[in-house]
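Quick note: the first sequence uses our numbering, first residue 1, plus one each step.
All C-beta atoms, glycine included, are put in the ideal place defined by N, C-alpha and C.
These numbers were taken from a predicted model, which means no experiment stands behind them.
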Amino acid sequence: MPTSIRAFADLCEQLESTSSRKKKTELLADLFHCVDPDEIGSAVLLMLGRAFPESDSRTLDVGYATISKAWSSKKQSMLFEEELTLNGVTSILGKIAETQGTGSRKVKEHLLQNLFGRVTTKEREYLARSLFGEMRTGVSEGIILDSIALSSGAQNIEEIRNAYMLSGDMSNVAEIALLKGPAELKRIGPEPFVPFKPMLAESIGSVEEALSIMGEAAFEFKLDGARVQIHKKGDDVRIYSRRLTDLTESLPEVVGLSRKSLADDTAILEGEVIAFRDRPLPFQHVMRRITRVHDIEGLRDTVPVKLYIFDILMRNGESLVNLSCMDRWHVLEDAVPEDLLVPRIVTGDPAIAAEFFNLALSEGHEGLMAKSLDSIYAVGRRGKKWLKIKRAQTLDLVIIAAEWGYGRREGWLSDYHLAAVSGDGFAMVGKTFKGLTDEEFKWMTQRLLATAIRKSDHVVEVKPTIVVEVAFDEIQESPTYESGLALRFARIKNIRQDKDPGEADTIETMRAMYESQFKTKDRIVEK
DNA sequence: GTTATATCGGTGC
DNA sequence: GTCCGACATATTCGG
DNA sequence: CCGAATATGTCGGACGCACCGATATAAC
């Protein structure tokens with residue numbers, strides 16, 4: 001019996017109304033028990049809010065604008081039409097994805113209209129969330145994996161998790177686990193040309209803190225570029241991003257280097273690609289390279305990229321993920337030329353580590369990674385085995401407007417427009433929604449509404465009265481803000497009750513900070 | 001009919 | 001990418 | 001020793017910046 005979209009929407013509603021993780025897991029497990037076997041994959045993806053698995057390169061190219069257009073102009077349903085099933089939805093999504101070329105936007109919109117026209121208001125709501133990619137049911141990867149484990153009777157959740165991290169396809173993992181049994185998933189390592197999720201790091205404040213957790217650690221330069229996973233077999237080389245997309249065509253230098261410098265026939269390496277001239281270039285330039293599809297050759301000279309390798313996950317066709325960090329490094333040293341390796345030391349001495357941190361900064365890099373020496377490569381996991389250490393700067397800025405929040409922040413002004421003092425006015429340099437507690441959001445909402453000048457749908461302009469201390473990682477050149485500058489990773493550190501707007505930092509100060517970044521970084525002067 | 005500009009979606013951090 | 005809050009579980013505390 | 005208070009591990013959700021390509025629309 002095929003599962004109707006109605007059942008899906010009902011379940012979503014239930015999930016949303018409970019905050020208990022255990023309860024959510026059980027509800028999902030129930031779904032997996034009663035769903036038609038060939039609809040398991042569709043159910044998982046819709047529940048996740050993804051049209052396709054990460055390992056699938058298809059995209060809908062449908063977002064907020066298109067969905068809301070289709071939503072408001074939906075056609076009336078035809079009475080005799082049979083009820084929509086999960087696979088029915090999936091097949092429509094496939095059609096939307098394959099539609100391209102002139103007029104495709106309209107076609108996509110029509111397909112959506114038909115889809116929306118066939119369902120009830122509630123079903124349409126959750127369907128739209130699936131398409132938009134934000135379910136807001138309090139269910140995502142972690143809980144779905146748990147429920148797959150629960151309903152498939154897996155002894156160990158880690159088997160399920162590992163299979164997902166290695167394949168990047170939760171629908172497939174669910175199908176295998178539930179239909180053939182979790183034992184079928186026992187692939188313990190990566191395979192060439194099947195990109196897997198990289199191990200991730202937690203942030204920490206200093207090298208001292210890192211050492212207090214790890215005792216002794218490997219410290220590596222943290223480079224501000226794009227994470228790459230390099231797969232090689234013979235002369236075939238493919239480069240994958242952190243989210244498993246194929247970057248091979250954009251990075252011919254990396255392909256060439258890998259082919260030339262890697263003696264092994266079959267290998268998987270991990271590293272960082274940065275834009276680099278005499279010194280590192282700002283991150284914006286890396287983006288230019290990795291999002292480029294046309295005329296890559298034309299940009300190679302202007303924005304050269306450099307590859308730094310920091311891990312090896314396969315050599316001679318054999319998985320190395322279960323070797324310790326230290327052992328993998330030794331294999332790596334043996335496998336690739338030294339000039340491709342990321343700068344690295346091993347120490348337990350805070351003074352030496354701090355000195356290395358300063359060296360990284362002075363050479364224009366982000367900071368350091370600290371890695372626990374005996375840790376295996378935990379595919380797709382984030383934990384305290386890898387720590388990232390960066391240095392933030394701060395500025396005192398003025399809030400000149402705020403935007404209404406969504407979801408759990410509905411009813412609060414939660415996204416703030418930040419400005420520096422500019423002459424007798426203010427110059428906007430970014431927005432932030434991070435750093436305040438719920439209580440502070442409430443307080444801020446009241447304060448801002450009290451000084452509101454103008455209100456539109458989403459934005460409330462306010463009299464500039466509130467000064468906040470804003471932390472950030474970098475100042476970027478901005479095409480969106482008139483000032484020409486923008487903050488990267490801005491977050492509020494403090495509400496400066498003691499400061500008047502006139503005492504906030506000026507745009508000149510900010511420009512000077514921007515310029516000083518080039519004491520350690522290189523810049524491109526383009527005509 | 002061709003070319004410039006705007007909008008949208010998807011991706012990196 | 002960063003940050004906060006919520007839930008579940010582990011650990012410590014107080015009597 | 002046991003139940004209560006507190007710490008820790010994980011997950012989910014809230015949204016930022018820039019960039020490019022593809023498509024739609026405006027302007028010539």
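Whole angstroms is fine: what's the gap from Gly41's alpha carbon to Glu83's? Distance between the alpha carbons of Gly41 and Glu83 is about 19 Å.
Short of 8 Å in beta carbon distance, which residues of its chain neighbour Asn494, apart from the five on each side in sequence? Order them along the chain. Val468 and Glu469
Identify the residues that DSSP records as bridge partners of Phe276: which are they? Phe276 is bridged to Pro280.
Would you say Met170 and Pro53 are within 8 Å of each other, going by their C-beta atoms? yes
Within 10 angstroms of its Cβ, does Ala65 collect 16 or more other Cβ (buried), or is it exposed? Ala65 should be labelled exposed.
Does the Cβ-Cβ distance between Thr120 and Glu16 come in under 8 Å? no
Considering Thr394, what are the terminal residues of the beta strand (DSSP E) in which it resides? Gln393 to Trp404
Among all the DSSP beta bridges, which residues are the ones paired with Asn494? Under DSSP, Asn494 forms a beta bridge with Glu469.
Okay, do the region 216-235 and the region 261-277 touch, 3+ Cβ pairs below 8 Å being the bar? At 8 Å Cβ cutoff, the stretches touch.
Close beta carbons around Leu368, own chain, < 7 Å, minus the five adjacent residues each side: Val207, Phe219, Glu220, Phe221, Lys222, Phe356, Phe357, Ala360 and Ile389
Trp329: which of Thr506, Glu253 and Ser372 sits nearest, CA to CA? Ser372
Could you tell me the alpha carbon to alpha carbon distance between Asn87 and Val35, rounded to whole angstroms? 11 Å
Same chain only: Cβ atoms within 8 Å of Val293, ignoring 5 sequence neighbours per side: Glu249 and Ser250
Asp169 (DSSP reduced to helix, strand or coil): coil
Going straight from the alpha carbon of His365 to that of Ala354, what length do you get? 14 Å
Cβ-based neighbour list, Thr59, same chain, cut-off 8 Å, excluding 5 preceding and 5 following: Within the same chain, Thr59 has close Cβ partners Ala51, Phe52 and Ala97.
Terminal residues of the alpha helix (DSSP H) in which Trp71 lies: Tyr64 to Ser72
Residue interval of the alpha helix (DSSP H) (run including Phe426): Note, Phe426: premise wrong, no alpha helix (DSSP H); beta strand (DSSP E) at Gly425 to Thr432.
Buried or exposed for Asn156, going by 16 or more other Cβ atoms inside 10 Å? exposed
On the premise that Ile188 lies in contact with Ser319, defined as a C-beta separation below 8 Å, what is that separation, rounded to the nearest angstrom? 7 Å
Would you list the residues sitting across from Asp415 in a DSSP beta bridge? Glu403
Applying the criterion that 16 or more other CB atoms from any shown protein chain within 10 Å of the CB defines a buried residue, is His458 buried or exposed? exposed
DSSP beta-bridge partners for Thr266? Lys233
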